[in-house]
Amino acid sequence: MTRETDARALARRRSRHVGEQVIGFLLFLCALLSTLVTVGIVVVLTRETLVFFQEVSVLEFLTGTVWTPQFVDKNFGVLPLLSGSLLIALGASLIALPIGLLTAIFLSEYANDGVRGVLKPALEVLAGIPTVVYGYFALTFITPILQSIWPSTGSFNALSASIVVGIMIIPTVASLSEDAIRAVPLSLREGAYGLGATRLEVSTRVVVPAALSGVIASFILGISRAIGETMVVTIAAGSLAQMTLNPLEAVQTMTAYIVNVSLGDTPVGTIEYKTIFAVGFTLFILTLAMNIVSQLVLSRFRERYE
Amino acid sequence: MSVPESALLLGQNTARDRRRQWKGHLFWVFSLAATSVGIITLMVLLVDVMIDGLGRLDADFLNSYASRFADRAGIRAPLFGTAWILGLTAAISFPLSVGAAIYLEEYAPQNWITRIIQVNIANLAGVPSIVYGILGLAVFVRGMGLGRSVLSGALTLSILILPVIIMASQEAIRAVPDSIRQAAYGLGATRWQVTQRQVLPMALPGILTGTILALSRAVGETAPLIMIGALSFIAFTPQGLTDQFTVLPLQIYNWISRPGADFHEIAASAILVLLVLLLTMNAIAIILRNRCSRMRVG
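Chains as they are written, first to last, in our numbering: chain A, 1 to 306; chain B, 307 to 604.
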């Protein structure tokens, strides 16, 4: 081999290194994009929300109990929407949290591989059903059943939406709880069985307490998903922004309000258009806070075993 | 952990023991029942939709445009719209997410920037989909002037599923044994050569599984597309990136929100089509996953 070809090989290698660096940089940009999305969300929501608060006082927004931005007599109290979201989330939690946790215990402590092999994919399918389909189910199947039990039930009501949102988030709670429960080392179970505990006692007094941080994190994430759920509540819970604890009445959630405003052709710059961002900002902050709390619970209170 | 005293009395089946066992059986029944709630609901839902929707499901229904009359309406426009959205979203989100995952697993130094990116991705996965719709409305539809186009929709859904694909791809890449990388580096391969020729081929089934599952989520999304103003009464199929469009979930929502059983019926028919599409995608993902886990054993 001559010197010249050696040099060429070297140059080629150097250019290969330049290529390497370009590739590394491009990959970094891809990773950075996700951060830009967050920045985008925060900037967009904050900017329009600030404009909104030039016209409506923060105090009125946060403490007002009447929400009628689309009426002639406009009121901008977000509490009816917030209470609607929380009512739905509460109802959904009453269903999803116990059922999700029991499902996780059953899958991890009771079911054999064959049963698990059927149940896990079924739960995944349940999680993959589009929300608009759940909305259809709530409106055309659950609501008529509720009406036959309680004739005073409105054709749009919070209960039907709560039940279906609850069923929808069972897979979230169950699979995250199950991950936490399965991570509890076998030796803890064996110790308890060795002392004569029954399977129930092992599950509820040893395994679940040992996995508690993961279970609680799954609960918080499930509730946060229920608050962010949009289509089921838009279809089944109605569009009446009111503060009520009666689940048989219609309520409007924050998410359902945003959809309803967007369905109408709301001109840019009007106060109705800005409410989208103010309500969206409230929703974003609420769910973000819950997600962060659930991560903190996971990292701070995790029991470590070797 | 408190140990029941009776546990120490081995072999003696006291009344208390029998009560404990009885409680155990009760709990088993209870948790089995709880586990069945999800499965039974799934079956009831599927049967309910089939009873409502099978009657109208025929070639005419697939081939007709929306109509004011339920008996003439079909899903040609949303079918094409969904296909466009699916293809475009895949084309946009796949390279970006896999790139991000490769960077985080193979390139990223252990520093605070990497940590922030990682925490941020986890947080993005928990942001409600409608918030992405608001972002899409402000940035793509208004800010960049793309209007209510297929492109706006695909971009919005792409950033929605970005964190999902990134996390799934990271997991797949992490599962590639380090010995493979070390062997390749030992032979003088560069970082990109190791990534491209060794790591990616091995991680590909896992990455594809995650991508298909994320795409099936995008296909089922309604709220973000309502936000960017995709219409549901459209009597044409999109011909280019800037055309208006509708998708199956939007058409379904539109029909559900009308009063009248006949529109609910065709909503159910459209739901059946959507579910068949999603179940096919899920099945492909599961087959890929099983094949890849078999490969790893072999």
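Every residue gets a Cβ at the ideal spot worked out from N, C-alpha and C, and that includes glycine.
Cutoff 8 Å: residue i Cβ touching any chain A Cβ
i, result
"B:D568", "no"
"B:T528", "yes"
"B:Y413", "yes"
"B:T395", "no"
"B:F400", "no"
"B:A574", "yes"
"B:V445", "yes"
"B:W390", "no"
"B:A509", "no"
"B:V343", "yes"
"B:G546", "no"
"B:G459", "no"
"B:W334", "yes"
"B:L351", "yes"
Under the three-state DSSP convention, the category residue i falls into
i, result
"B:Q550", "strand"
"A:F76", "strand"
"A:W67", "strand"
"B:S273", "Chain B is shown from 307 up to 604; residue 273 of chain B falls before or after that span and cannot be answered."
"B:I540", "coil"
"A:V184", "coil"
"B:Q557", "helix"
"B:R362", "helix"
"B:E527", "coil"
"B:W390", "helix"
"A:P151", "coil"
"A:V51", "helix"
"A:A241", "coil"
"A:G19", "helix"
"B:L410", "helix"
"B:V603", "Any reading at B:V603 must be qualified, since the residue scores a pLDDT of 45, below 50, and its modelled position is unreliable; no value is offered."
"A:F307", "Here chain A covers residues 1 to 306 and nothing more, so residue 307 of chain A does not appear."
"B:W510", "In the sequence under discussion, the amino acid at residue 510 of chain B is Leu, which differs from the Trp named in the question. Looking at B:L510 - three-state DSSP - the assignment turns out to be helix."
"A:N246", "coil"
"B:A574", "helix"
"B:N588", "helix"
"A:P144", "helix"
"A:V268", "coil"
"B:I534", "coil"
"A:G166", "helix"
"B:G566", "coil"
First and last residue of the uninterrupted alpha helix (DSSP H) at residue i
i, result
"B:D358", "321 to 359"
"A:L126", "113 to 128"
"A:M290", "271 to 300"
"B:N369", "365 to 369"
"A:A217", "212 to 228"
"A:N260", "254 to 263"
"A:T234", "231 to 236"
"A:Y134", "131 to 137"
C-beta neighbour in chain B for residue i, strict 8 Å
i, result
"A:L159", "no"
"A:V297", "no"
"A:P144", "no"
"A:F277", "yes"
"A:S239", "no"
"A:R199", "yes"
"A:T131", "yes"
"A:L97", "no"
"A:L283", "yes"
"A:T255", "yes"
"A:T35", "yes"
"A:N291", "yes"
"A:S224", "yes"
"A:G280", "yes"
"A:A31", "yes"
"A:A138", "no"
"A:S270", "This sequence places Thr at residue 270 of chain A; Ser is not what is there. Answer no: the Cβ-Cβ gap between A:T270 and chain B never drops below 8 Å."
Residue i CB to nearest heavy atom of the ligand GTP below 7 Å
i, result
"B:V433", "This structure does not include the ligand GTP; it has no bound ligands of any sort."
Sequence ranges, alpha helix (DSSP H) only - wholly within the region 423 to 508 of chain B, length at least 4: 435 to 442, 456 to 480, 484 to 492
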